[in-house]
Structures are given as C-alpha cells and as structure tokens.
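Visitor: This structure is in structure tokens; I'll ask about it shortly.
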Amino acid sequence: AIALRYHGAARTLLTIGLYSNISWVAMLCTVLAGGTLVLHERFDPAAFVATAARERITHTAMVPIQFQRVVEQLQAEGGDVSSLQA
C-alpha cells in the first residue's frame, strides 16, 4: 500500500468489477492504509467525475477506455478531479 502511495486519507473510487485483479489491489491497499472505498455499480463517465468531485477521490482503478471516456467527459462538460493523485 505504501509503495503505491495509499494512506489513511485515501479515498478510492472503484468502477470495475471485483473480479479484476486491479480492483483487488486498489481495494486492499485502501483498506490496509485505513482509507475509504467508494463503489459504483457500473461505469459512467459523468457519474465518475461527479463522484470524484463530491467525495474528493484520491485513487481509482480503471481500464484505458474508461480513462479515455473520463477525459472526453471533462473536455465536454468540465469537472473537478484535482483531488486525484498520480
């Protein structure tokens, strides 16, 4: 968790199923660091941006097409994802 920069204030938004290895990595790192998990039932770019802003999301796990859709959403309608950490 430390190597991936998770910490007690981590707020992780998961938008892919828990069948994915990356979901488990993000989930376990968040829990082990004492952070907060936010789960979406399915991926929606507008919902992702809105939740990231409202919940001050610091971490996420997505596949490349999801990142592309979020960027397109931000370009089309804007939004605040400044809390996300790389």
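Residue numbers (the numbering used here): 53 to 138.
Glycine included, C-beta positions come from ideal geometry on N, C-alpha and C.
Alpha carbon to alpha carbon, what distance is there between G86 and H111?
Guide: C-alpha separation (whole angstroms): 13 Å.
Visitor: According to DSSP, simplified to helix, strand and coil, what is A104?
Guide: Helix.
Visitor: Does the beta-carbon distance from L84 to A61 come in below 8 Å?
Guide: Not closer than 8 Å, so no.
Visitor: Report the option in V90, L66, A102 and L56 whose CA atom is closest to the CA atom of E129.
Guide: Looking at the Cα atoms, A102 is the closest of the given residues.
Visitor: Alpha carbon to alpha carbon, how far is G131 from L66? Give it in angstroms, no decimals.
Guide: So the alpha carbons of these two residues sit roughly 18 Å apart.
Visitor: Quick check on A85: does DSSP put it in helix, strand or coil?
Guide: DSSP places A85 in helix when its eight states are reduced to three.
Visitor: Identify every residue that forms a DSSP beta bridge with H111.
Guide: T64.
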